[in-house]
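Structure, as structure tokens:
Residue numbers (the working numbering): 2 to 166.
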């Protein structure tokens, strides 16, 4: 069984994409999407609080049955990776507090599920959501579109994961 509404999250301290995607693999629709931006001059704890608050509000409003978050990929810039890891933690705590399951997907896994190409760029992901998967309401904001892709990835993967269990 797959979830009827999934909250997808593309985490980051400066901007976090959020998208509530409803339906199933064949008839998915972006119900709501936004990009949460935090002021660069604000203390990091305050920025993380803003992100967690936005996730809590999205959960309360859209009542997702699962939260799907893009897993951090460690690169060369460990400073920004730490910030993304902290933002991911704030998101995961908000999901756990709400009592909904939290699922992580690697960027490669999301891109493969949506485009069939693990090296796809943001524009290719957005186009694939609209054209190949016929998702209605794909957001124009890159982070929000990525969040929709993470949610759709979960909608694709959840039935298989459930069948394996």
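Where is the CB? At the ideal position from N, CA and C, for every residue including glycine. In this text the structure is predicted, and so the values were computed from the model without any measurement.
Could you check the C-alpha separation between residue i and residue j for me, to the nearest Å?
| i | j | result |
| --- | --- | --- |
| residue 6 | residue 138 | 15 Å |
| residue 91 | residue 63 | 19 Å |
| residue 105 | residue 124 | 22 Å |
| residue 1 | residue 119 | Since the first residue shown for the chain is 2 and the last is 166, residue 1 is missing from the structure and cannot be characterised. |
| residue 151 | residue 85 | 16 Å |
| residue 29 | residue 148 | 14 Å |
| residue 44 | residue 143 | 25 Å |
| residue 145 | residue 33 | 9 Å |
Here's the rule I'm using: 16 or more other beta-carbon atoms within 10 Å means buried, otherwise exposed. How should residue i be labelled?
| i | result |
| --- | --- |
| residue 39 | buried |
| residue 65 | buried |
| residue 2 | Low per-residue confidence applies at residue 2: pLDDT is 38, beneath 50, and the placement is therefore not dependable enough to give any value. |
| residue 116 | buried |
| residue 74 | exposed |
| residue 89 | buried |
| residue 54 | exposed |
| residue 42 | exposed |
| residue 9 | buried |
Could you spell out where the beta strand (DSSP E) holding residue i opens and where it closes?
| i | result |
| --- | --- |
| residue 104 | 103-106 |
| residue 60 | Careful: residue 60 lies outside any beta strand (DSSP E), inside the alpha helix (DSSP H) at 45-63. |
| residue 73 | From DSSP, residue 73 is part of no beta strand (DSSP E); its letter is neither H nor E. |
| residue 38 | 30-38 |
Can you list, in chain order, the residues of its chain whose CB lies under 6 Å from that of residue i, leaving out five sequence neighbours each side?
| i | result |
| --- | --- |
| residue 57 | 95 |
| residue 14 | 48, 84 and 88 |
| residue 18 | 11, 36, 144, 145, 147 and 148 |
My guess is that residue i and residue j are in contact by the Cβ rule of under 8 Å, so how many angstroms apart are they, rounded?
| i | j | result |
| --- | --- | --- |
| residue 101 | residue 52 | The pair is not a contact, with the Cβ atoms about 17 Å apart (cut-off 8 Å). |
| residue 130 | residue 156 | No, residue 130 and residue 156 are not in contact; Cβ-Cβ is about 12 Å, not under 8 Å. |
Name the two residues that bound the continuous alpha helix (DSSP H) containing residue i.
| i | result |
| --- | --- |
| residue 131 | 123-132 |
In its own chain, which residues sit with a C-beta less than 7 Å from the C-beta of residue i, not counting the 5 before and 5 after it?
| i | result |
| --- | --- |
| residue 127 | 139 and 146 |
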